[in-house]
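Read in order, the letters of the sequence shown correspond to residues 29 to 192 in our numbering. Working notes, beginning with the structure itself.
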Amino acid sequence: MNFELVEIPSLSGDCCQIFSILIEGEEQTLFENFAEEYEEEYVDEIADMYNSLKFMGNEGGARPQFFKDKEGSPGDGVSALYDHPDKMLRLYCIVYGRVAVILGGGGPKPKSIRAWQDDPKLCREATMMKYISSKITQAIKDGDIKITDAGLSGELKIIDDYGD
29 MNFELVEIPS LSGDCCQIFS ILIEGEEQTL FENFAEEYEE EYVDEIADMY
79 NSLKFMGNEG GARPQFFKDK EGSPGDGVSA LYDHPDKMLR LYCIVYGRVA
129 VILGGGGPKP KSIRAWQDDP KLCREATMMK YISSKITQAI KDGDIKITDA
179 GLSGELKIID DYGD
């Protein structure tokens, strides 16, 4: 699976870059698909997410309290945008310090389930983010992507010759 990290200018700012993932052959990023799918049913939650992300980009950076970490495997950086106990939507992301957040997809997490693994949609979305995180990590190790105080730079298009 080939993909590109696409910065979202309306959310990024001096404190943190906000990206989403554009899968090769798709017209919209994972975050655009997520927002479009849930904008009518979860208007307030989507608005809260946009406000939190805009704050991160322009004022606060990607502070740990904004995220529920350990949504993926140890060390992969996969998190969920923090949800208040009465909220339903989960948005999976990859966090790089306070300087960069990569948004994926997600969906509603019914309070009746304990973990994302118990819901087919959330399982699919979280598993994809874990895979994407592994490919970005390899690109960082290879020197193709750099992380600095200014965020991510370098070759933000990932070509996975061996993936599906």
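Using N, Cα and C, we set each Cβ at its ideal position, and we do this for glycine too. Fair warning: this is a prediction, and the values are worked out from it, not measured in the lab.
Inter-segment contact for the region 126-134 and the region 38-49 is present: three or more beta-carbon pairs are separated by less than 8 Å. In the DSSP assignment, CYS121 is bridged to SER107, LEU131. Annotation for LYS174: no alpha helix (DSSP H) segment contains it, though the beta strand (DSSP E) segment containing it runs 173-176. ILE164 sits in a helix when the DSSP states are folded into three classes. Annotated three-state conformation of SER140 is coil, per DSSP.
Note that the region 60-79 touches the region 133-153; at least 3 beta-carbon pairs, one per stretch, sit closer than 8 Å.
In this structure the region 71-84 does not lie against the region 144-156, because fewer than three pairs of beta carbons, one per stretch, are closer than 8 Å.
The residue from ILE175, GLY105, PHE95 with its alpha-carbon nearest to that of HIS112 is PHE95.
The residue among ASP97, ASP72, LYS185, GLY179 with its C-alpha nearest the C-alpha of CYS121 is ASP97.
A direct Cα-Cα distance of roughly 33 Å separates GLN166 from MET116. When the Cα atoms are used, VAL106 and ILE164 turn out to be separated by approximately 12 Å.
With 16 or more other Cβ atoms from the protein chains shown falling within 10 Å of its own Cβ, ALA90 counts as buried.
It is roughly 12 Å from the alpha-carbon of ALA143 to the alpha-carbon of LYS149. Leaving aside the five residues that flank ILE51 on each side, the residues in its chain whose CB is nearer than 6 Å to its CB run, in chain order, PHE31.
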